[in-house]
Ligand code: HEM
Ligand SMILES: [Cu+2]
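Protein chains in written order, with the numbering used here: chain A, 1 to 284; chain B, 285 to 887; chain C, 888 to 991.
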């Protein structure tokens, strides 16, 4: 028993099965990211004009982001070349281009996680008067009141003495020291300022630049995180095509080419999503 | 992304050779029955999973009905059993929930939320879409299998994992999710661990439906047998086709919302938490700036199409059964098809009729009110066409037909009582009352469930080669029919008197409810009696597998192509590739020797 | 892809993809640069950046994903998806833009 149209197209639709399947799947992905973009717009429109939750501009590292965008777009062209090599029956070239594609994906994720790390080690102290001081802190910069171990809404918890990534309340803090960022600069490399001391009674909350920091960071981490999962998924598929999956080339080359095309379509879609993510998160 | 069964076996054996020579046999058993890729086996897996969860969800409800009928009284026997079971699984949980057999308010909330969730996502969807879709659609279009058998299996196992997660959530500290099946934030954002598991479970269930939808749509587009043009598809296939699109495009926003609520709970974000949130008297430490209403939008963007996911397959089944048992063509096949397409399309633009109470302005309320009223038109067309189809037929009143006939007025009541809810002025009064509960249960319980029962009785001989017992089938039908109405009819009155849904005491403490609360006892009695009337069905179902009357491949003398396959159909379905030469419902065609002309018959 | 004509055509398409790739890179740089330029109101910046992003996305879809030569069935699926995604985004926004007015 054979399922028809796995290799050659059906006459009336002109398509083979997996082509229909992948586009349907991508349609659902459009709705997934559509909902997240919808959330982005809403959070942004709702955000206050001033104060701690004001929507930031050029907060992320633009050069790194631009470079990463380049990496992803480049990987999109290499995956095409990989597929084209297969169509032209050149398996060796396919292996090269696919290998490069996978490496690009790896580079993208590496750079992305480096960016995440930088954010997690950067802090904001929200004062009771509504202003925020952002900058760098170390564990010993925070002095908690005697015996404070706090549980917060849902499961975030801060253990005595250690500033975890999660936010903490001012009422539990004796005082903190923070080395503020240079005003109006976007680089952290700007000359370190002298640490300032802030009393616990003035502090509403402290948080690192994690998803909990503000609605902007919430949507930033969620969107880029989901996107990264997609990149990872695409890499798994690509690696399969590059490695064990290649076996099929010798038994059913046409079908293998179809598979690579489908994997490529997914990969392009991931690229396409990033084309929107980059400006809305990094530039606007 | 693509797969064939051949390939599947190829992999399986290769693997066995590489790794463990001696395990070859076990593996092939495993591939055949557990990680099966045959659409019929997967259909059966869905069927059993769905039926078990349906029963489970019903049991939750029977416990709640005790509390509503006799508020605060200890539940005999079951109460203590549940208490000790929960205590055993998680220390102290039983005492919190059911001490001495008395249900606590929090536990009532859990039961309600999980009843809704389980009935919809683990009961009806797996049955209507997973089971019937899988078993019947490839057969009706004359295909050998689904387009992607392995994705099909993945879809089932994703559902299975989701089901396990949901089930396990009853036994974690704090109990299962208790913020309603709608999980509104911020309530759900601050709820106990059960809510986290609910979200994780939902993500698996959604993934399952998405994979299923991709598979169904591709199958219907690509694998129709020669001659099976779009306008020759049985209406059931059309219904599944539209259902597939609803799932495909409406579920992802809820998946996104689920991820965001999970982030709210685990990573401290504030997607759905407003600024200045105060929890149990304490200002919370979240950043705020989110919007609780956004959750409602994303939820109902799925939620409304979901109700059509629940009803369309049932309509499809009913249509098949009616055509077959009236022995005449369905009246208005084309209008049925266009109605169902139109319905699917419109169901994406009505969602905020669930949110009239959230302070939407006049313009937007008017918009949703208008679309909602419009969407009732295709539903009415479908129902009318099915009613008219009965006209002048020589009806065979067998069990599937009885259930199909029962469906019509029940769905009619459910649908028509929905119309007032479409108007926002009226909905402001009826919202969140038992009127709403009665309305949608008429659609999903005596509506959809009857449709599903009709389907089970109708296709049972195809799946097993044997009939279910008619006499017990009739007992099942009439008992269920009476009890269903006994349960839901009084709820309309309660709701109109002002009794709210999700009330722990059924209205005892409200003066205005005093006139209607006595019917709570009757409702509960009906619910328990309904359970009794399912016993003949369960026994009949299992007994007939071995002892039912043996029948031919086409015992109902039906026209659609699935009846041309052997019963039960072998792997690969048809002995020779079928071809369609005519429309799906050619019954009693003048001049033909028999009163039915199968689609696959040449002349 | 068997006969030579198709093959020629295919090679041309791949070349087109490389051109598109170059364009995408250029447009990316343009977006970055103009994000530092003040067009008078942030709204203008947003609008321009989104237009460029849309153009880029369409190029990816048309060439990389070769939608420019795709079959009708696929387009139909995508039309509906596009429509529903737009509904999701804009009608939701509309709901927030039209809150109930209180009459004092
Ligand atoms: C046939 C037996 C059934 C009975 C006796 C029953 C009874 C009820 C009752 C009394 C409630 C209201 C609980 C409350 O507000 O406190 C309820 C809620 C609900 N039921 Fe059912 N039901 C049945 C079947 C179903 C089916 C088949 C479905 C879905 C396919 C379903 C879906 C729901 C949902 C979604 C809710 C709302 C839960 C919530 O408030 O979050 N029920 N049911
Ligand atoms: Cu609705």
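Where a beta carbon is used, it is the ideal one built from N, C-alpha and C, also for glycine.
Predicted, not measured: the structure shown is a model, and the values here were computed from it.
Quiz item: Beta-carbon of residue 959 of chain C versus every beta-carbon of chain B: anything under 9 Å?
Solution: In the third chain, counting from the first residue as 1, residue 959 of chain C sits at position 72. Residue 959 of chain C does not count as touching chain B.
Practice problem: Tell me whether residue 563 of chain B sits in a helix, a strand or coil according to DSSP, three-state version. | Solution: Taking the first residue of the second chain as position 1, residue 563 of chain B is located at position 279. Strand, per DSSP.
Practice problem: Alpha carbon to alpha carbon, how far is residue 346 of chain B from residue 384 of chain B? Give it in angstroms, no decimals. | Solution: Here residue 384 of chain B refers to the residue found at position 100 of the second chain. Here residue 346 of chain B refers to the residue found at position 62 of the second chain. In this model, residue 384 of chain B and residue 346 of chain B are separated by some 18 Å (Cα to Cα).
Quiz item: So what does residue 143 of chain A bridge to, in DSSP terms?
Solution: The residue given as residue 143 of chain A occupies position 143 in the first chain. A/175, per the DSSP bridge assignment.
Practice problem: Please look up how many angstroms separate the CB atoms of residue 836 of chain B and residue 752 of chain B, rounded, as I've assumed it's under 8 Å. | Solution: Here residue 836 of chain B refers to the residue found at position 552 of the second chain. Here residue 752 of chain B refers to the residue found at position 468 of the second chain. Not a contact, Cβ separation roughly 16 Å.
Self-check item: Cutoff 6 Å; reference residue 406 of chain B; Cβ partners in own chain excluding five residues on either side
Solution: Against the second chain, residue 406 of chain B aligns to sequence position 122. The residues are 337 and 447.
Practice problem: For the alpha helix (DSSP H) holding residue 595 of chain B, just list the boundary residues, first then last. | Solution: Here residue 595 of chain B refers to the residue found at position 311 of the second chain. Counting along the chain, the alpha helix (DSSP H) containing residue 595 of chain B begins and ends at 576-610.
Practice problem: Kindly examine ligand 2 and report whether one of its heavy atoms sits closer than 8 Å to the Cβ of residue 225 of chain A. | Solution: As a working note, residue 225 of chain A is residue 225 in the first chain. No, ligand 2 has no heavy atom inside 8 Å of this Cβ.
Quiz item: Are three or more beta carbon pairs between the stretch 784-795 of chain B and the stretch 712-724 of chain B nearer than 8 Å?
Solution: yes
Quiz item: If we count the other Cβ atoms within 10 Å of its Cβ and call it buried at 16 or more, is residue 255 of chain A buried or exposed?
Solution: By 1-based counting over the first chain, the position of residue 255 of chain A is 255. Buried: at least 16 other Cβ atoms inside 10 Å.
Exercise. Identify every residue that forms a DSSP beta bridge with residue 354 of chain A.
Key: Limits of chain A in this structure are 1 at one end and 284 at the other, which puts residue 354 of chain A out of reach.
Quiz item: How would you list, in chain order, the residues of chain B whose beta-carbon sits under 7 Å from the beta-carbon of residue 169 of chain A?
Solution: If you number the first chain from 1, residue 169 of chain A lands on position 169. Contacts between residue 169 of chain A and chain B, judged by CB atoms closer than 7 Å, involve 569 in chain order.
Quiz item: Would you say residue 987 of chain C faces chain A, with C-beta separation under 9 Å as the test?
Solution: Position 100 of the third chain, counted from the first residue, corresponds to residue 987 of chain C. At a cut-off of 9 Å between beta carbons, residue 987 of chain C makes no contact with chain A.
Exercise. Please report how far the alpha carbon of residue 203 of chain A lies from the alpha carbon of residue 549 of chain B, in whole angstroms.
Key: Start at 1 with the first residue of the first chain, and residue 203 of chain A comes out as number 203. Start at 1 with the first residue of the second chain, and residue 549 of chain B comes out as number 265. Taking the straight line from one Cα to the other gives about 24 Å.
Self-check item: Bridge-paired residues (DSSP) for residue 220 of chain A
Solution: Counting from one through the first chain, the residue named residue 220 of chain A turns up at place 220. According to DSSP, which records beta bridges pairwise, residue 220 of chain A is partnered with nothing at all.
Quiz item: Run through DSSP, which three-state label would residue 679 of chain B get?
Solution: Position 395 of the second chain, counting from 1, holds the residue named residue 679 of chain B. Looking at residue 679 of chain B - three-state DSSP - the assignment turns out to be coil, as it is neither helix nor strand.
Self-check item: Buried/exposed call for residue 181 of chain A, threshold 16 Cβ in 10 Å
Solution: Mapped onto the first chain, residue 181 of chain A falls at position 181. Under this definition residue 181 of chain A is a buried residue.
Self-check item: Contact test: residue 809 of chain B Cβ vs ligand 1 heavy atom, cutoff 8 Å
Solution: As a position in the second chain, residue 809 of chain B is number 525, starting the count at 1. Not under cutoff, so the answer is no.
Quiz prompt | Which listed residue (B/556, B/682 and B/662) has its alpha carbon closest to that of residue 696 of chain B | solution = The count along the second chain starts at 1 and reaches residue 696 of chain B at position 412. When each option's Cα is compared against that of residue 696 of chain B, the closest is B/662.
Practice problem: Over the uninterrupted alpha helix (DSSP H) stretch that includes residue 3 of chain A, give me the two end residues. | Solution: Residue mapping note: residue 3 of chain A aligns to position 3 of the first chain, counting from 1. Careful: residue 3 of chain A lies outside any alpha helix (DSSP H) and carries neither H nor E.
Quiz item: Exposed or buried, which one is residue 508 of chain B when buried takes at least 16 other CB atoms within 10 Å?
Solution: Position 224 of the second chain, counting from 1, holds the residue named residue 508 of chain B. So residue 508 of chain B ends up on the buried side.
Practice problem: Using the DSSP secondary-structure output, state which residues sit across from residue 618 of chain B in a beta bridge. | Solution: As a first step, residue 618 of chain B is located in the second chain; it is residue number 334 there, counting from the start. Answer is none; residue 618 of chain B lacks a bridge partner.
Practice problem: Could you name the residues that DSSP lists as bridge partners for residue 908 of chain C? | Solution: On the third chain, position 21 is the one that residue 908 of chain C refers to. In the DSSP output, where bridge partners are listed per residue, residue 908 of chain C has none listed.
Quiz prompt | Proximity test, Cβ basis, 9 Å: residue 954 of chain C and chain B | solution = Position 67 of the third chain, counted from the first residue, corresponds to residue 954 of chain C. Not one chain B Cβ lies under 9 Å of residue 954 of chain C.
Quiz prompt | Inter-residue spacing [alpha-carbon to alpha-carbon] between residue 807 of chain B and residue 432 of chain B | solution = In the second chain, counting from the first residue as 1, residue 807 of chain B sits at position 523. In the second chain, counting from the first residue as 1, residue 432 of chain B sits at position 148. So the two alpha carbons sit approximately 45 Å from each other.
Quiz prompt | Residue environment, residue 755 of chain B, which counts as buried when at least 16 other CB atoms sit within 10 Å | solution = Here residue 755 of chain B refers to the residue found at position 471 of the second chain. Residue 755 of chain B should be labelled exposed.
Quiz prompt | Residues bridged to residue 460 of chain B [DSSP beta-bridge criterion] | solution = Counted from its first residue, the second chain places residue 460 of chain B at position 176. B/478, per the DSSP bridge assignment.
Exercise. Report the residue from B/370, B/334 and B/743 whose alpha carbon sits nearest the alpha carbon of residue 401 of chain B.
Key: Stepping through the second chain from its first residue, residue 401 of chain B is reached at position 117. It is B/334.
Practice problem: Return no unless some Cβ of chain B is closer than 9 Å to the Cβ of residue 20 of chain A. | Solution: Residue 20 of chain A sits at position 20 when you count from the first residue of the first chain. It does; some Cβ of chain B falls within 9 Å.
Exercise. Please confirm whether any heavy atom of ligand 2 lies closer than 8 Å to the CB of residue 638 of chain B.
Key: As a working mapping, residue 638 of chain B is identified with position 354 in the second chain. Indeed, a heavy atom of ligand 2 lies less than 8 Å from the Cβ.
Quiz item: Using CA coordinates, which residue listed in B/543, B/530, B/481 and B/537 is at the minimum distance from residue 589 of chain B?
Solution: The count along the second chain starts at 1 and reaches residue 589 of chain B at position 305. For the residues B/543, B/530, B/481 and B/537, the minimum Cα distance to residue 589 of chain B belongs to B/530.
Practice problem: Leaving aside the five residues before and after residue 593 of chain B along the sequence, list all residues of the same chain whose C-beta is less than 7 Å from its C-beta, in chain order. | Solution: As a working note, residue 593 of chain B is residue 309 in the second chain. Correct list, in chain order: 409, 413, 527, 530 and 531.
Self-check item: DSSP three-state assignment for residue 644 of chain B, whether helix, strand or coil
Solution: In the second chain, counting from the first residue as 1, residue 644 of chain B sits at position 360. It is a strand residue.
Quiz item: For residue 356 of chain B, is the beta carbon positioned less than 8 Å from some heavy atom of ligand 1?
Solution: By 1-based counting over the second chain, the position of residue 356 of chain B is 72. It does not: the Cβ of residue 356 of chain B is nowhere closer than 8 Å to a heavy atom of ligand 1.
Self-check item: Residues in the stretch 532-551 of chain B having any Cβ partner in chain A nearer than 9 Å
Solution: 532, 533, 534, 535, 536, 537, 538, 539, 540, 541, 543, 544, 547, 548, 549, 550 and 551
Quiz item: Under 9 Å, do residue 983 of chain C and residue 42 of chain A count as touching if we go by C-beta distance?
Solution: Within the third chain, numbered from 1, the residue matching residue 983 of chain C stands at position 96. Within the first chain, numbered from 1, the residue matching residue 42 of chain A stands at position 42. Taking a C-beta distance under 9 Å as the contact criterion, residue 983 of chain C and residue 42 of chain A qualify as a contact pair.
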